[in-house]
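Input: a single structure, listed below in structure tokens.
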Amino acid sequence: MSVIEQAEKRELCFAVLAVDDRQLSPEAKYFLIRVIWLFGDAVVSATVKELAKLLGLTDVAICKARTQLATLGYLRLLPMLDSNPERLKRGRPRQAFMVLQERIRQENDDNVSSRTPSASVGEVSHLALLDKLLFWSVGDDSFRSRNVRKTRKLDGAASRKHTFTVATRILLSVLYLCADACGVVRGLSLQRLSRLVGISSDRLESQLEVISGLGYLIDRVSGLTGRVLYGRATGAFFMNVGTVDLQGTGNGYSLICIKSDSPNAYNYHYWGFSVYLESEASRGKIIFDRRLAESRPSSLASLLKNWELGREAAEFVAEIDWSGCSSDLLQTVRVFLESKGLYYSTSTPFYISGADLFSGGCTEVVLLWAKTFLPFRLWEFFTDRPILGFSKYLQFLVDSYASKILSSSWSQIFVERLVIIDSVLEDLESALLPHPRLNDDPEVIRGSALALFVYCIAYQQAIMVKSIIEKSIVASGEPDSELSSCSYAILPTRQPITGHFQELTIAIRGGTGSRFSGVQCVNRNQVPLGFEKYSYELSPDKCREIFRSAGYDLDVLRGMGEF
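The opening residue of the sequence shown carries number 44 in the working numbering; numbering runs sequentially from there.
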């Protein structure tokens, strides 16, 4: 099979995975994929026994899948041809068949949307894994070879080992097909995922538990429906792509866990919850660190005056009502933040270290810039105190867009300035406020202000992550030029929303080798000397302990797929 033929067959097989038809069982999809890979559009005249060996299915599963696919129009059944007519008279009637490829393509054309997984081989990030799951050579199915016979779990007995079922295989195939370079799947709802796999919602939950226990699924973020913010928002899946078994050559992966020993204004809450707190308390003062309200100017007017925008402009901004906010004011705020950065202050004429955000060295300057958004009364977007899922989803958005900023603009991110990437800001605004509004609606300006506010927090998150990575990975010998071409993903935190957010886990794909590591940021007051406060050479036990404190079992992640 030529390289071009392989690519064409893969794309057609990926189109099968993208078929949104709950009538197609996982076994039927897997049958169709294996037949396309081995036979293309040729007539298949193999017996059921022969097909069982070629496809990796049982005799019963093959008969059911073939009948189902023929009924739904994906296969055409044909009379069996044989050079020995006497052989056709013996036993049960035998049937040949062929795949109707146009039926698959038509099904995909009818369901084209942003929710459909990519069927282009060039856009697939985890082709090596998909080859192992779907396109294995006959007799070399490494996943099925590790299966054990299912046994009934008795009360008091040890946990039963999972078998690698066809449903597990198709679920993983769909998720890895949709995953980005770091293994993050966005925009795929549970309802749609269950249809793509061909199983019920209850069975899907069971299968997600299976792949989580096996180490393939690192974490999940649930979707939700917001009345004012989000709309009908889908969640995300964070897949493990970190073992050598799942990677192509020259495509390294690191999962690092950062731990701070110093609670501070930056890590006191989830950022998602902090956004709500800021919006709620901004009616009179900044709240990320309440001590700021006592020592710093609490009004936008005096803040802008200190930052030398002029008395006239300051008084104008102080008196303005949110209903009269215009695009000119929003543009003024944007230009101001872009020119001054997020941490500039005439009373503190130096820039903080980005890494100090997380290790506790900049409590007093974290969010002074947030006061520039006071005229837009952002608290009115939060009609009720948000539930945990609401805040965690906002945290997910902050982390997602920080990851996008890191992946697309690593070399442009500096503490000294705010770089606004318009495409990222527009995507963020759509994610926050999905409901269409007319251009003359005053809420449009406030919605854009909210998006810019959250973007600033995401940028701040990106600064912190970049600084710590540079102080740990670069210090251990990784050239900075390599890091600028990597992809990044910030994983969900598992800490309680009311506790200190002191652990951060980051996935890095490309150029950084294949390793899991822990980076411990100790209290800067204990070790005040630059690079020495970031410990990146940890013992295995210490590394395991840091990951465990963040809610991740490092042994499971490293031993992924071992039953």
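Virtual Cβ for every residue (Gly too), placed ideally from N, Cα, C.
Values in this document were obtained by computation on a predicted structure and should not be read as measured data.
Which of helix, strand or coil does DSSP assign to residue i?
i	result
Lys348	Its pLDDT being 40, under 50, Lys348 is placed unreliably by the model, and the measurement read from it follows with that caveat. Correct three-state label for Lys348: helix.
Phe280	strand
Pro477	coil
Ser560	strand
Pro392	The predicted model places Pro392 with a pLDDT of 44, which falls under 50 and marks its position as unreliable; any figure quoted below should be read in that light. Looking at Pro392 - three-state DSSP - the assignment turns out to be coil, as it is neither helix nor strand.
Tyr444	helix
Asp371	helix
Phe74	helix
Leu400	helix
Thr110	helix
Val181	coil
Asp288	Bear in mind that a pLDDT of 48 at Asp288, under 50, signals an unreliable position, so the number given afterwards is only what the model happens to contain. Helix at Asp288.
Ala61	coil
Ile549	strand
Asp470	helix
Pro535	coil
Val599	helix
Met141	strand
Cys529	coil
Thr5	This structure gives no information on residue 5, because the portion of the chain shown stretches from 44 to 606.
Ser297	strand
Asp262	strand
Phe574	For Phe574, the predicted model reports a pLDDT of 46, less than 50, meaning its position is unreliable and no value from the coordinates is stated.
Leu385	coil
Leu461	coil
Val378	helix
Val167	coil
Ser303	strand
Arg326	In this predicted model, Arg326 has a pLDDT of only 47, less than 50, meaning its place in the structure is not dependable enough to derive any value.
His275	According to the sequence shown, residue 275 is Arg rather than His. Strand, per DSSP.
Leu120	strand
Val565	coil
Val46	helix
Val86	coil
Leu257	coil
Leu55	helix
Arg591	helix
Phe433	helix
Asn151	helix
Return yes when the Cβ of residue j is within less than 7 Å of the Cβ of residue i, no when it is not.
i	j	result
Leu140	Leu120	Note that residue 140 is Phe in the sequence shown here, rather than Leu. Cβ atoms of Phe140 and Leu120: closer than 7 Å.
Tyr436	Leu267	yes
Val271	Phe424	yes
Cys586	Gly561	yes
Ile589	Cys300	yes
Asp84	Gln144	yes
Cys181	Leu97	For clarity, residue 181 is Val in the given sequence; the question names Cys instead. For Val181 and Leu97, yes; Cβs fall inside 7 Å.
Ser305	Ile551	no
Leu449	Ala505	yes
Leu461	Glu381	yes
Val142	Ile79	yes
Ala95	Ala71	no
Tyr386	Phe544	no
Thr277	Ser232	yes
Ser434	Gly594	no
Leu600	Gly258	yes
Asn151	Ala61	yes
Leu607	Ala398	Because residue 607 is not part of the residues shown, which for the chain are 44 to 606, the question remains open.
Ser303	Ser402	yes
For the ligand MG, is there any heavy atom lying closer than 6 Å to the beta carbon of residue i?
i	result
Val318	For the structure depicted, the ligand MG is absent and the ligand set is empty, with no information on it obtainable.
Hey, residue i and residue j are a contact pair by Cβ (cut 8 Å); roughly how many whole angstroms apart?
i	j	result
Asn376	Phe416	Checking the displayed sequence, the identity of residue 376 turns out to be Val instead of Asn. Between Phe416 and Val376 the Cβ distance is about 7 Å, and since that is below 8 Å, they are a contact.
Trp453	Ser510	Between Ser510 and Trp453 the Cβ distance is about 12 Å, and since that is not below 8 Å, they are no contact.
Pro69	Val240	6 Å
Lys535	Tyr273	The sequence shown places Pro at residue 535, rather than the Lys named in the question. Between Tyr273 and Pro535 the Cβ distance is about 16 Å, and since that is not below 8 Å, they are no contact.
Glu459	Gly553	Not really, about 27 Å apart at Cβ, beyond 8 Å.
Arg235	Phe207	Not confirmed; about 24 Å, so no contact.
Ala58	Arg148	7 Å
Phe496	Leu421	6 Å
Give the list of continuous beta strand (DSSP E) stretches no shorter than 3 residues that lie fully inside the region 223-254.
227-229
Is there contact between the region 101-119 and the region 47-57, where contact requires at least three CB pairs shorter than 8 Å?
no
The region 275-283 contacting the region 213-232, beta-carbon criterion three pairs below 8 Å:
yes
Measuring CB atoms only, is the region 441-454 touching the region 492-501, in the sense that at least three cross pairs come out at less than 8 Å?
yes
Would you call the region 242-258 and the region 92-103 touching, i.e. three or more CB-CB distances under 8 Å?
no
Three or more C-beta pairs closer than 8 Å, one from the region 205-212 and one from the region 248-256: is that the case here?
Segment contact: the region 205-212 against the region 248-256, three or more CB-CB distances shorter than 8 Å; contact assigned.
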